[in-house]
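Structure record follows, encoded as structure tokens.
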Amino acid sequence: MVNICADGESITPLAIYKGQAFATNWHQDNELKASVAHSRKGWTDGVIGRLWIQDFDEKTQAKANGRARILLVDGHNSHYTKDFLDYTRAHKIHVLYYPAHATHIYQGLDVAIFGALKNRWSEEQDQYESLKCQKVVKANFIMIYGRAHRAVLIPENIHSAFEAMGVWPFNPHVVTAEMMAPSLGMSAQNQSPLPQASPVRCVRPSCPDRATGSDVCEGCNVFVP
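Going by UniProt numbering, the sequence shown runs without a break in its numbering and finishes at 225.
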């Protein structure tokens with residue numbers, strides 16, 4: 001989990017591994033000082049979310065200096081638990097949620113960070129496997145990922161992420177109506193049903209073509225008994 005601040009700083013990330021138990025070697029060579037957790041499926045959940053928000057609070061308290069903080073998050077269910085929200089209320093953290101299916105527009109990480117981070121990660125992974133003749137596993141993941149993280153999560157890129165989505169400096173005109181319009185390529189298009197084998201399509205006693213004496217309505221192709 002990658003976290004960035006509008007002042008250009010990034011908070012040390014959280015790595016969540018898939019596993020039934022925690023292994024101490026997941027922490028080795030952790031120069032990034034990333035937090036490490038595990039879950040059965042390798043995804044965050046309510047428990048991890050509660051621990052994460054406390055970690056966020058502790059790492060941003062000093063810069064907040066008693067002021068309220070605004071936290072922008074997506075709609076994952078780990079951000080909606082009672083424990084999570086109780087903690088934010090008690091520690092002056094105001095949570096704003098991105099609209100569903102709109103993080104590609106509103107979330108600065110998606111807009112300006114993750115693409116570059118993915119490319120740099122691929123480079124670091126390829127270089128490590130080529131030089132060491134070893135695969136990336138849980139024990140060395142943080143060491144290799146840390147190189148990509150430090151290269152991409154720099155103040156210039158972080159400032160660009162907040163500016164690109166109009167959060168800071170605040171600019172409500174960045175996101176336009178055209179950007180929020182439904183995607184025609186992904187939208188379901190209404191189509192008329194295919195003709196059925198039976199001559200009965202529908203019943204329309206008031207069909208105007210009944211006056212012609214025809215058994216089949218020529219205009220709408222309905223059988224008239």
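In this text, a Cβ means the ideal position worked out from N, Cα and C, and glycines have one as well. Remember, it's a predicted structure, so these values are computed and weren't measured experimentally.
Here Tyr17 is near Lys138, since their CB atoms are less than 7 Å apart.
Taking each of Ser10, Ala6, Trp26, Met165 in turn and checking the Cα distance to Asp110, the smallest one comes out for Met165. Thr176 counts as exposed, since fewer than 16 other C-beta atoms from the protein chains shown sit within 10 angstroms of its C-beta. Within a 10 Å sphere around the beta-carbon of Gly115 sit fewer than 16 other beta-carbons, which makes this residue exposed.
Secondary structure at Tyr128: helix, using DSSP grouped into helix, strand and coil. For His101, there is no enclosing alpha helix (DSSP H), as DSSP marks it with neither H nor E.
Within the same chain, and ignoring the five residues on either side of Ala37 in sequence, the residues whose Cβ sits closer than 6 Å to its Cβ are Ile16, Ile48. Annotation for Val47: no beta strand (DSSP E) segment contains it, though the alpha helix (DSSP H) segment containing it runs 46-64. In the structure shown, His149 falls within a helical segment according to DSSP collapsed to helix, strand and coil. Excluding sequence positions up to five before and after Pro172, its CB lies within less than 8 Å of the CB of Gly166, all in the same chain and listed in chain order. Sequence-distant partners of His79 (beyond 5 residues in either direction) whose C-beta falls short of 8 Å from its own C-beta, in its chain, are Gly49, Val73, Val95, Tyr97.
Spanning the alpha carbons of Arg89 and Ile53 requires a straight line of approximately 11 Å. Non-local beta-carbon contacts of Gln107 in its own chain, meaning distances under 8 Å to residues more than five positions away in sequence, involve Leu72, Asp74, Tyr98, Met165 in chain order. Burial check for Leu131: the Cβ neighbour count within 10 Å stays below 16, so the residue is exposed.
Cβ-Cβ distances below 7 Å link Ala151 to Arg120 in the same chain, with the five nearest sequence neighbours on each side left out; the list follows chain order.
In this structure, the CA atom of Ile70 is about 6 Å from the CA atom of Ile93. By the neighbour-count criterion, in which 16 or more other beta carbons inside 10 Å mark a residue as buried, Ala148 falls on the buried side. In terms of Cβ geometry, Gly46 and His159 do not form a close pair [threshold 7 Å]. Closest in alpha carbon position to Thr103, among Leu14, Asn30, Met180, Asn25, is Met180. Taking the Cα of Thr44 as reference, the smallest distance to any Cα among Ala68, Met1, Pro182 is reached at Met1.
Within the same chain, Cβ atoms closer than 6 Å to the Cβ of Phe22 are found at His38, the five residues on either side in sequence being excluded. Partner residues in the beta bridge of Ala37, as assigned by DSSP, are Ile16.
Comparing C-alpha distances from Asn3 to each of Gly19, Glu124, Asn157 shows the shortest one belongs to Asn157. Cβ-Cβ distances below 6 Å link Ile11 to Asn3, Lys59 in the same chain, with the five nearest sequence neighbours on each side left out; the list follows chain order.
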